[in-house]
Amino acid sequence: MELMYWWILPVGILAGAAVAWWFLRRDKDCRHRAVAHTDRLTALPEYRDALRRHRRLLAVMAGSAAVLLLAALAAAARPVSATVTTPAEHSRDIMLCLDTSASMASADAAIVGVFQDLAREFDGERIGLMMFDSSAAQVFPLTDDYQLVAEQLARARNAFEGGPGDAAFFAGTGVAPGSSLIGDGLASCSQGFPGPDDGSRSRSLVLATDNFISGNPIFTLAEAAALARDKGIRIHALNPADFDYGDKPGQEGATLRAAAESTGGAYYPVDSPAAVGSIVREVQRTEAAARQGAPQRVVTDESAWPLGLALLAGLVLVGLAWRVDR
Amino acid sequence: MTALLHRVKSKMFIFAHRKARGLLDGEYGSVFKGRSLDFDDLRAYVPGDEVRDIDWKASARHGSPLIRRYVAVRQQQVLLVADTGRNMAAESLGGEPKKDIAVMALGVLGSLALNHGDPVGLVHGDATGTQALPVKAGDANLERILRKVDDVGRHSAPSAPGEQLGFVERTFRRRMLLFVVADEGAVAETTERQLRRLRAQHEILWLTIRDADLTAPAPAADPAGRGTALRDVVGRAAVVHPVAASPKVLAAYQLARTERDASRSAMLRRAGITEGYAGSSHEVVPAIFSLLESHRRGG
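So the sequence lines, in the order shown, correspond to chains Z and L. Under our numbering, the residue at position 242 of the first sequence is numbered 1446, and the numbers go up by one with no gaps. Under our numbering, the residue at position 74 of the second sequence is numbered 78, and the numbers go up by one with no gaps.
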């Protein structure tokens, strides 16, 4: 709570005091009718009683006039409460890019499960799901149709968990020869983002893979990462099978880490599917923090109290003035 | 330079058009018993003259009533007694300063006295002291007297009418006509014994000037620029009008005033002093007339 025009208070109080002083002074040396023997009236007990009541009334009136003045001044000084709020940014695009090789099934199920939860709170974010093995297939494109998202995520989860009756789910992921062509998959997923980055929406890609390649991809992982970087996409890589040993370069985990970090993203080795949840949430948090809008100072007028008080004092004043006049 | 006296006389003249011109003269003449048996002349009867002064034979001859006039044995000395304290600067019942009414009353009686050849003097004063102007004939003297009474304002010392009466009692041994002009509070400042003693020594006419009604509604703002607030000339205390106008206070004040009036009248009556009232300068001439009238009847 602060006063926007705080200087009104001292100025107004001074002005009020000056007016009061002027009135009192004027009253003191104002012209009056000279009369004699006023004690004949003023010594009467009835007069004294009435005078006491009258004075009390006047004192209350003066008090409420002062309250009225102060409350009006306080209202004129615009009491405001300023809060700094950071508007939540919902202009995010998230692409889930899941390696469907057999070793990844439980991690994929965990990721999809987490996004099933997250998607319920989405409001403006767009989410898409692609999967790849030797070739990439789109389950659903970037969309904010959350009903569709929920349906598709449920279906995906069911499929990843090896549920019955949805063998067609993985159709299209094994068209090309080979398996786990990570670079091709990542490049395809990157194409899932429409056009070049115009800066209006953040782009993040959740890549789940163990980076074990068997076959000849068209794109190497580094090339695909460069492609993604060009489109303004940050890659967050989750590796449920990080078997790097020592710090020798060129190992699967290290390559994936390098690719992810080259786009400004991060690399997370995942020890168990249960840890996926917390990692994905952390990714979402860092993404959200990176896209936070500028803090805004929201100023709200809090004039209800002083105005209410002024109204009350005014009513009391009017009522008493009426009584005194009577 | 007889401005005040002139003003008084012109007011008397206006009054005289309404009542007979000589009426006052007649009333004044019959107040005093200081008449000799030396016949002077006859003049036409004027209402108010003593019936016993009518010369019936001469009237019969003449066809209209004639009054016998005698050469006065001695001049009747008239002593005007006035309060020139601050109280007299205060408002009267009619709204004008009480001193204006006092000037009018003293002027009327003074000029009546001068018309009858009686010299006029003044005893006046306030709480700081009492002064006397010598008893002399002539308009200039009366004008001086009136100026003294007129020269009262808020700067004057507080009133003490009892002092002036005491001064008269101590100073003047000769029998005189006292004309006391005072406000309602004056009697309360004297004792009945003092009044009796004064009455034994002098003829006394007492004119009470009505004080302002403190509970009366304030008059509308008047062009003279007076405010509407009431303020005591002595204590400077203000009267709070809304309080004074409340019914209970009003009733108590009226009751107190009635009681005060009654006790003052009773005290003066017991002392054998004739009292008249004037609330404004218009009431002065009728008041003096009836005062003289009732004094003639009573005394």
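Yeah, the Cβ is synthetic: ideal placement off N, Cα and C, and Gly gets one too. Note that the structure is a prediction, hence the values are computed from the model and not measured.
Legend entry - Neighbour flag for Z:Val1239 against chain L, beta carbons, 7 angstroms: Here residue 1239 of chain Z is taken as the residue at index 35 of the first sequence, counted from 1. True, the Cβ-Cβ gap to chain L drops below 7 angstroms.
Legend entry - Coarse secondary structure for Z:Ala1391, derived from DSSP in three states: Within the first sequence, residue 1391 of chain Z is the residue found at index 187, counting from 1. Helix at Z:Ala1391.
Legend entry - Rounded C-alpha distance that separates L:Gln198 from L:Arg178: Residue numbering aside, residue 198 of chain L sits at position 194 when the second sequence is read from its first letter. Residue numbering aside, residue 178 of chain L sits at position 174 when the second sequence is read from its first letter. Approximately 17 angstroms between the Cα atoms of the pair.
Legend entry - Exposure of Z:Gly1469, with buried meaning 16 or more beta-carbon neighbours within 10 Å: Residue numbering aside, residue 1469 of chain Z sits at position 265 when the first sequence is read from its first letter. That one is buried.
Legend entry - Identity of the residue in Z:Ala1266, Z:Arg1244 and Z:Trp1226 nearest Z:Ala1525 by Cα: Position 321 of the first sequence, counting from 1, holds the residue named residue 1525 of chain Z. Out of Z:Ala1266, Z:Arg1244 and Z:Trp1226, Z:Ala1266 has the C-alpha closest to the C-alpha of Z:Ala1525.
Inset, instruction - Look at the alpha carbon of L:Thr219 and the alpha carbon of Z:Ala1276, and state the distance between them as a whole number of angstroms. - result: For the purposes of this step, residue 219 of chain L is identified with residue 215 of the second sequence, where counting begins at 1. For the purposes of this step, residue 1276 of chain Z is identified with residue 72 of the first sequence, where counting begins at 1. Whole-angstrom Cα-Cα distance: 38 angstroms.
Legend entry - L:Gly129, enclosing beta strand (DSSP E) - first and last residue: The sequence position of residue 129 of chain L within the second sequence is 125, counting from 1. Residues Val124 to Asp130.
Legend entry - Residue closest to L:Pro138, alpha-carbon to alpha-carbon, out of L:Leu146, L:Leu8, L:Val172 and L:Gly125: Within the second sequence, residue 138 of chain L is the residue found at index 134, counting from 1. Per the Cα distances, L:Gly125.
Inset, instruction - Name the one or two DSSP bridge partners that L:Leu182 has. - result: Counting from 1 along the second sequence, the entry for residue 182 of chain L is found at position 178. Answer is L:Leu83 and L:Ile208, bridged to L:Leu182.
Inset, instruction - Would you kindly check if the distance between the Cβ of L:Thr134 and the Cβ of L:Leu169 is under 7 angstroms? - result: Counted from its first residue, the second sequence places residue 169 of chain L at position 165. Counted from its first residue, the second sequence places residue 134 of chain L at position 130. Going by C-beta atoms, L:Leu169 is not nearer than 7 angstroms to L:Thr134.
Legend entry - Ranges of the alpha helix (DSSP H) found wholly within the segment 1403 to 1476 of chain Z, counting only runs of at least 4: 1425 to 1434 and 1456 to 1466
Inset, instruction - Give the residues of chain L in contact with Z:Tyr1209, contact being defined as C-beta atoms less than 7 angstroms apart. - result: In the first sequence, residue 1209 of chain Z corresponds to position 5, counting from 1. Ordered by position in chain L, no residue passes the 7 angstroms Cβ test against Z:Tyr1209, which lies about 39 angstroms from the chain.
Legend entry - Contact list for the segment 176 to 194 of chain L against chain Z, Cβ threshold 9 angstroms: Asp187, Glu188 and Gly189
Legend entry - Reduced DSSP secondary structure (H/G/I, E/B, other) of L:Ser163: Indexing the second sequence from 1 puts residue 163 of chain L at position 159. L:Ser163 falls in the coil class under three-state DSSP.
Inset, instruction - Grab the span of the beta strand (DSSP E) containing Z:Ser1285 for me, first residue to last. - result: The sequence position of residue 1285 of chain Z within the first sequence is 81, counting from 1. Where Z:Ser1285 is concerned, the enclosing beta strand (DSSP E) stretches over Pro1283 to Thr1289.
Legend entry - Reduced DSSP category for L:Leu296 - H, G, I as helix; E, B as strand; rest coil: Within the second sequence, residue 296 of chain L is the residue found at index 292, counting from 1. In this structure, L:Leu296 counts as helix in the three-state DSSP scheme.
Inset, instruction - Indicate the three-state DSSP secondary structure (helix, strand or coil) for L:Pro290 in the structure shown. - result: Working through the second sequence from its first residue, we reach residue 290 of chain L at position 286. L:Pro290 falls in the helix class under three-state DSSP.
Legend entry - Exposed unless 16 or more other CB atoms sit within 10 angstroms - verdict on L:Leu289: Walking along the second sequence from the start, residue 289 of chain L turns up at place 285. Sequence inspection shows Val at residue 289 of chain L; the Leu mentioned does not correspond to that position. So L:Val289 ends up on the buried side.
Legend entry - Residue range of the alpha helix (DSSP H) that includes Z:Thr1504: Sequence index remark: in the first sequence, residue 1504 of chain Z carries index 300 (1-based). Per DSSP, Z:Thr1504 belongs to no alpha helix (DSSP H); it is in the beta strand (DSSP E), Gln1500 to Asp1505.
Legend entry - Any chain Z beta carbon closer than 7 angstroms to L:Ala100: As a working note, residue 100 of chain L is residue 96 in the second sequence. Note on identity: in this sequence residue 100 of chain L is Glu, with Ala being the wrong assignment. No, its Cβ sits nowhere closer than 7 angstroms to a Cβ of chain Z.
Inset, instruction - Can you tell me which of L:Glu54, L:Pro69 and L:Leu182 puts its alpha carbon nearest to the alpha carbon of L:Lys61? - result: Along the second sequence, one-based indexing puts residue 61 of chain L at 57. The candidate whose alpha carbon is nearest that of L:Lys61 is L:Pro69.
Legend entry - Proximal residues to Z:Leu1245 (C-beta, below 7 angstroms), its chain only, five neighbours per side dropped: Against the first sequence, residue 1245 of chain Z aligns to sequence position 41. Here the set comprises Tyr1251.
Legend entry - Bounding residues of the beta strand (DSSP E) (the contiguous stretch that carries L:Pro138): The residue given as residue 138 of chain L occupies position 134 in the second sequence. Element bounds for L:Pro138: Gly133 to Lys140.
Inset, instruction - Look at the alpha carbon of L:His159 and the alpha carbon of Z:Leu1511, and state the distance between them as a whole number of angstroms. - result: Here residue 159 of chain L is taken as the residue at index 155 of the second sequence, counted from 1. Here residue 1511 of chain Z is taken as the residue at index 307 of the first sequence, counted from 1. Cα to Cα, the separation comes out at about 51 angstroms.
Legend entry - chain L contact for Z:Glu1506 (CB, 7 angstroms cutoff): What you label residue 1506 of chain Z is simply residue 302 of the first sequence in a count that begins at 1. No, because no Cβ of chain L sits closer than 7 angstroms to the Cβ of Z:Glu1506.
Inset, instruction - Return the chain-ordered ranges of every beta strand (DSSP E) run that is complete within the segment 1218 to 1246 of chain Z and spans a minimum of 3 residues. - result: 1236 to 1239
Inset, instruction - Closer than 8 angstroms by beta-carbon distance: list the chain L residues that pair up with Z:Ala1263, in chain order. - result: Along the first sequence, one-based indexing puts residue 1263 of chain Z at 59. In chain order: nothing, as chain L lies at least about 13 angstroms away.
Legend entry - Residue burial classification, L:Glu361 (beta-carbon count within 10 angstroms, cutoff 16): As shown, chain L starts at 5 and ends at 303. That puts residue 361 of chain L outside it, with no answer to give.
Inset, instruction - Count the other CB atoms, across all protein chains shown, that sit within 10 Å of the CB of L:His128; report buried if there are 16 or more and exposed otherwise. - result: Counted from its first residue, the second sequence places residue 128 of chain L at position 124. Classification for L:His128: buried.
Legend entry - 7 angstroms Cβ cutoff met for Z:Gly1436 and Z:Arg1407: For this step, residue 1436 of chain Z is matched to residue 232 along the first sequence. For this step, residue 1407 of chain Z is matched to residue 203 along the first sequence. Yes, the Cβ-Cβ distance between Z:Gly1436 and Z:Arg1407 is below 7 angstroms.
Legend entry - CA nearest to the CA of L:Pro246, picked from L:Asp155, L:Ala233 and L:Val237: Indexing the second sequence from 1 puts residue 246 of chain L at position 242. L:Pro246 has its Cα closest to that of L:Ala233, out of L:Asp155, L:Ala233 and L:Val237.
Legend entry - Same chain, Cβ closer than 8 angstroms to Z:Ala1358, five either side skipped, listed in chain order: Within the first sequence, numbered from 1, the residue matching residue 1358 of chain Z stands at position 154. Gln1320.
Inset, instruction - Give every residue of the same chain whose Cβ lies closer than 6 angstroms to the Cβ of Z:Ala1286, excluding the five residues on either side of it in the sequence, and list them in chain order. - result: On the first sequence, residue 1286 of chain Z is found 82 positions in, with the first residue counted as 1. Excluding sequence neighbours, Z:Ala1286 sits near Arg1501 and Val1503.
Legend entry - Backbone secondary structure at Z:Met1308 - three-state DSSP: Stepping through the first sequence from its first residue, residue 1308 of chain Z is reached at position 104. Helix at Z:Met1308.
Inset, instruction - Please decide whether Z:Ala1266 counts as near chain L, where near means a Cβ-Cβ distance under 7 angstroms. - result: Working through the first sequence from its first residue, we reach residue 1266 of chain Z at position 62. Chain L contact via Cβ: absent.
Inset, instruction - Report the rounded CA-to-CA distance for L:Glu207 versus L:Val184, giving the unit in angstroms. - result: In the second sequence, the residue the question calls residue 207 of chain L occupies position 203. In the second sequence, the residue the question calls residue 184 of chain L occupies position 180. Those two C-alpha atoms are separated by around 11 angstroms.
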